[in-house]
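Chains as they are written, first to last, in the numbering used here: chain B, 22 to 251; chain C, 22 to 251. Every residue, glycine too, gets a C-beta built ideally from N, C-alpha and C. Shown next, in structure tokens, is the structure this report addresses.
Number of protein chains: 2
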Amino acid sequence: MMASVTGTGESVSAASLRRLPSYRQYLKVLQGMGREVVSCSHIGQALKLNPTQVRKDLAVTGIVGRPKVGYETEALIEAIESFLGWNNLNQAFLVGVGSMGTALLGYDQFNHYGLKIVAAFDNNPSLIGQKIHGHEVLSLDKLTDLAARMHVLVGILTVPAQAAQSVANLMIFGGIRAIWNFAPAPIEVPEGMVVQTEDLFSGFAVLSSRLAEVMGIRRKAGVNADANRR
Amino acid sequence: MMASVTGTGESVSAASLRRLPSYRQYLKVLQGMGREVVSCSHIGQALKLNPTQVRKDLAVTGIVGRPKVGYETEALIEAIESFLGWNNLNQAFLVGVGSMGTALLGYDQFNHYGLKIVAAFDNNPSLIGQKIHGHEVLSLDKLTDLAARMHVLVGILTVPAQAAQSVANLMIFGGIRAIWNFAPAPIEVPEGMVVQTEDLFSGFAVLSSRLAEVMGIRRKAGVNADANRR
DNA sequence: TAGATTGTTAATCGATTAACAATC
DNA sequence: TAGATTGTTAATCGATTAACAATC
């Protein structure tokens with residue numbers, strides 16, 4: 022089979038991409054246990070996924086397995102990391118040193134995910150100049166210039182919703198190409214840029230709804246105990 | 022049309038549930054601007070979603086709109102919150118006062134999401150007894166008993182992967198019915214319990230992959246560098 | 001070898017989007 | 001009224017799962 026480059030056209034589905042980190046996580050556990058090869062059915066069983074789905078997901082990384090045997094654990098981990106670009110470090114700026122920003126600054130495993138937070142920014146004077154988890158907090162108006170000079174590609178946005186777009190604009194002007202957005206607001210960026218918006222509460226909505234279901238306390242709006250025709 | 026209670030059978034898709042918080046968020050903004058009614062096309066435009074999809078999502082809450090007019094902003098917000106159970110407070114325990122746990126303890130808006138963290142737990146002696154964002158940290162071995170006595174229904178799991186299952190078991194024994202799991206590990210729970218596992222890095226994997234794409238540095242494993250045009 | 005597992009194509013399933021009648 | 005918008009059914013799209021030949 023010919024070498025295939027994942028070019029502009031054939032984009033991998035977000036659903037597959039989102040599962041790759043959990044494969045990697047589990048493979049690391051297996052690796053720590055000294056397991057040298059692993060099959061899709063084994064992975065699927067541990068992660069409660071269909072083995073065919075696992076196989077297709079892994080295939081996007083370009084890994085080739087051996088029939089009857091499976092995949093080499095080591096090679097598989099490397100294929101995932103290489104596919105995601107996690108084996109070489111991207112510099113990142115973080116803006117907004119609130120609770121979420123502080124948590125991310127304190128996370129010391131980012132280097133295993135190809136990410137190095139090289140500076141933190143805020144516009145709160147009482148934070149500027151302070152060191153948070155070893156990162157000095159800089160003034161927001163240094164962001165654009167510094168991003169451009171350091172060729173920073175990744176911006177982490179942990180500001181309140183109202184500030185999201187204006188800070189994103191600063192990042193864009195500074196040449197940042199990908200924004201990891203934790204603000205609960207959609208942001209506009211030019212064509213060709215990457216935005217990944219995380220909403221903590223989207224997952225919580227699923228939990229809330231399922232809990233209401235199992236507790237049997239779910240009623241639709243406006244529905245009274247008896248009949249609600251109209 | 023008959024009144025319909027969303028009972029055990031007809032479960033709403035997770036995809037729809039995950040979008041409800043962003044509708045709510047945007048509706049709050051509109052409400053703050055004094056807007057009294059809103060149409061699906063308006064919401065869809067702001068959030069970049071198909072209007073029919075918005076309509077279907079909102080329909081799960083039981084809200085009824087008026088043709089040619091739309092939905093009452095106020096009523097729509099309430100319908101979403103009521104559907105998700107966010108209008109009455111659930112008590113929650115948080116276990117694992119690391120960076121993520123601390124961030125969540127510091128988030129003061131949970132009461133708008135129907136959640137009140139009433140206690141924090143850790144097994145680190147240097148943390149026990151301390152106050153973190155106003156929450157005293159208790160010893161882990163008090164969890165099960167206290168959960169049962171206080172009838173706590175929600176557990177927030179912010180511990181390392183290795184500890185996830187054993188702490189989850191403590192929660193289960195204490196009668197907790199829903200676990201919001203931030204540990205990068207799948208956990209096993211009995212039938213009828215709710216688990217919502219969040220993986221911060223699943224979103225980051227999407228970002229990483231898209232960034233590698235737009236930067237043109239994506240190669241599949243085993244593919245050599247040469248024929249990588251465009 | 002026989003059987004387990006891969007890689008891949010086909011079938012199924014579910015979610016999204018389009019179409020359209022009802023309606024204020 | 002005319003036209004915009006809802007509610008709902010039908011069509012489309014994409015992701016998941018099943019089937020199966022190739023293979024070590």
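So is residue i buried or exposed if we call it buried at 16+ other beta carbons inside 10 Å?
{"i": "B:Thr73", "result": "exposed"}
{"i": "B:Ser32", "result": "exposed"}
{"i": "C:Ala36", "result": "exposed"}
{"i": "B:Gly224", "result": "buried"}
{"i": "C:Ser187", "result": "exposed"}
{"i": "C:Asp162", "result": "exposed"}
Alpha carbon to alpha carbon, what distance is there between residue j and residue i?
{"i": "B:Glu212", "j": "B:Arg198", "result": "10 Å"}
{"i": "B:Gly135", "j": "B:Val235", "result": "40 Å"}
{"i": "C:His133", "j": "B:Leu228", "result": "15 Å"}
{"i": "B:Ser34", "j": "C:Ile84", "result": "33 Å"}
{"i": "C:Ala67", "j": "C:Val59", "result": "11 Å"}
{"i": "C:Asn249", "j": "B:Ser103", "result": "Because C:Asn249 sits at a pLDDT of 32, beneath the cut-off of 50, its placement in the model cannot be relied upon, and the following sentence gives the value as read from the coordinates. Whole-angstrom Cα-Cα distance: 16 Å."}
{"i": "B:Asp166", "j": "B:Gly195", "result": "6 Å"}
{"i": "C:Thr27", "j": "B:Ser230", "result": "Caution is warranted here: a pLDDT of 40 is assigned to C:Thr27, below 50, making its placement in the model unreliable, and no coordinate value can be reported."}
{"i": "B:Val75", "j": "B:Tyr47", "result": "13 Å"}
{"i": "B:Val173", "j": "B:Leu191", "result": "12 Å"}
{"i": "C:Leu232", "j": "B:Asn109", "result": "13 Å"}
{"i": "B:Leu126", "j": "C:Ala124", "result": "11 Å"}
{"i": "C:Ile193", "j": "B:Val81", "result": "38 Å"}
{"i": "C:Leu221", "j": "B:Lys69", "result": "19 Å"}
{"i": "B:Pro88", "j": "B:Asn71", "result": "18 Å"}
{"i": "C:Gly237", "j": "B:Leu38", "result": "17 Å"}
My guess is that residue i and residue j are in contact by the Cβ rule of under 8 Å, so how many angstroms apart are they, rounded?
{"i": "B:Ala141", "j": "B:His156", "result": "4 Å"}
{"i": "B:Ile98", "j": "B:Gln130", "result": "With 8 Å as the limit, B:Ile98 and B:Gln130 do not qualify as a contact, their Cβ atoms being about 15 Å apart."}
{"i": "C:Leu105", "j": "B:Ala226", "result": "6 Å"}
{"i": "C:Val116", "j": "C:Gly55", "result": "At roughly 43 Å, the Cβ-Cβ gap does not stay under 8 Å, so C:Val116 and C:Gly55 are not in contact."}
{"i": "B:Ser120", "j": "C:Tyr128", "result": "6 Å"}
{"i": "B:Val210", "j": "B:Ile153", "result": "About 27 Å; that fails the 8 Å criterion."}
Starting from residue i, follow the alpha helix (DSSP H) in both directions and report where the run begins and ends.
{"i": "C:Lys77", "result": "Pro72 to Ala80"}
{"i": "C:Asp143", "result": "Where C:Asp143 is concerned, there is no enclosing alpha helix (DSSP H), although the beta strand (DSSP E) it sits in stretches over Leu136 to Asp143."}
{"i": "B:Leu126", "result": "Ser120 to Leu126"}
{"i": "B:Leu148", "result": "From DSSP, B:Leu148 is part of no alpha helix (DSSP H); its letter is neither H nor E."}
What residue does the beta strand (DSSP E) around residue i start on, and which one ends it?
{"i": "B:Ser160", "result": "His156 to Ser160"}
{"i": "C:Val235", "result": "Note, C:Val235: premise wrong, no beta strand (DSSP E); alpha helix (DSSP H) at Leu221 to Met236."}
{"i": "B:Leu178", "result": "Val175 to Leu178"}
Please go through the same chain and pick out, in chain order, the residues whose beta-carbon is closer than 8 Å to the beta-carbon of residue i, but skip the five residues on each side of it.
{"i": "B:Asn2", "result": "Nothing can be reported for residue 2 of chain B: it is not among the residues displayed for chain B, which extend from 22 to 251."}
{"i": "B:His63", "result": "Gly91"}
{"i": "B:Arg45", "result": "Ile98, Ile101 and Glu102"}
Does the beta-carbon of residue i, which I'm using as the reference point, lie nearer than 7 Å to any heavy atom of the ligand FAD?
{"i": "B:Val50", "result": "In the structure shown, the ligand FAD is absent, as is every other ligand, since no ligand is present at all."}
Starting from the C-beta of residue i, find all residues in its chain whose C-beta is less than 7 Å away, skip the five residues before and the five after it, and write them out in chain order.
{"i": "B:Glu93", "result": "Glu57 and Val58"}
{"i": "C:Pro181", "result": "Ala204"}
{"i": "B:Gly86", "result": "Tyr92"}
For residue i, collect the residues of the same chain with a Cβ closer than 6 Å to its Cβ; drop the 5 residues on either side in sequence, then sort them by chain order.
{"i": "B:Gln112", "result": "Lys137, Val139 and Val173"}
{"i": "B:Ile149", "result": "Val158 and Ser160"}
{"i": "B:Arg239", "result": "Ala233"}
{"i": "B:Arg40", "result": "Asp78"}
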